[in-house]
Structures are given as C-alpha cells and as structure tokens.
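In the working numbering, the protein residues as written are 136 to 239.
Glycine included, every Cβ here is placed at the ideal spot set by N, Cα and C.
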Amino acid sequence: QLIQTDNNGTSKELGIRSVDFEFSAKGRLLMVPNPAVAQTKVVFPLGTNKIVLVDLLGKVLKTIKVSPLEVERTFTVSSLATATYLVHSYGDYGVLSTKLIKVN
Numbered sequence: 136q137l138i139q140t141d142n143n144g145t146s147k148e149l150g151i152r153s154v155d156f157e158f159s160a161k162g163r164l165l166m167v168p169n170p171a172v173a174q175t176k177v178v179f180p181l182g183t184n185k186i187v188l189v190d191l192l193g194k195v196l197k198t199i200k201v202s203p204l205e206v207e208r209t210f211t212v213s214s215l216a217t218a219t220y221l222v223h224s225y226g227d228y229g230v231l232s233t234k235l236i237k238v239n
C-alpha cells in the first residue's frame with residue numbers, strides 16, 4: 136500500500152501499486168575487484184566488441200577486442216601506476232564507461 140505524505144504533513148492513500156524491477160547486466164559495466172592490485176575482471180553486456188582503458192588525460196593505454204558473445208574478460212593491471220583510470224566498452228548498445236582504481 137502506498138501512502139504519500141506531503142511536506143505539510145498531509146497524508147494521502149494512493150492504494151496498492153505494482154512495482155517491477157529488472158535486474159540484469161544490460162547497460163552496465165562492472166569492474167571486479169575495484170580497487171585492483173594485479174588484475175581485474177570487467178563484466179559487460181552482450182554485443183560488446185572492444186574494451187578500452189584510458190588514463191584521466193584521455194590517453195589510450197590498452198584496447199581489448201572481444202567477441203560479441205563474451206560478457207567478461209580478466210586483464211592484468213599490475214604494470215599500471217597507482218591512479219584512477221576510465222574503462223569504456225563499445226558495442227551494439229553504444230558506449231558504457233566506469234572508473235577503475237589501481238592500488239599497490
């Protein structure tokens with residue numbers, strides 16, 4: 136049952152409402168672990184064709200080509216300096232981005 140309370144304290148019963156949540160990786164880019172020390176796994180939607188790692192100045196550090204049927208890839212980050220990086224995935228859905236934090 137949904138009850139709305141306004142800022143002035145007035146309550147109004149709105150009845151019972153159906154709520155639908157869709158939990159899927161579609162449209163999400165996930166780094167595990169993050170922060171990362173030696174390696175991290177990037178989880179991405181179906182239809183992805185490449186993953187690009189860039190520094191905060193926009194310099195491309197790594198490009199990983201992936202099959203459109205893949206949904207995750209593990210890669211090594213141990214050679215990266217301690218910093219924050221951006222990871223972009225490109226695919227049929229457009230571009231998704233997330234931060235990767237590299238620690239020692």
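Query: Keeping to the same chain, check which residues put their C-beta closer than 8 angstroms to that of THR175; ignore five residues upstream and five downstream.; Result: MET166, VAL167, PRO168, ASN169, THR209, PHE210, VAL212 and LEU235
Query: Figure out for me which residue from LYS237, GLN139 and TYR228 has the closest Cα to the Cα of ASN184.; Result: TYR228
Query: Where does LYS237 land, buried or exposed, given buried means 16+ other C-beta within 10 angstroms?; Result: buried
Query: So what does DSSP say about TYR220, is it helix, strand or coil?; Result: strand
Query: Use the C-beta contact count for VAL230: other C-beta atoms within 10 angstroms, 16 or more gives buried, fewer gives exposed.; Result: exposed
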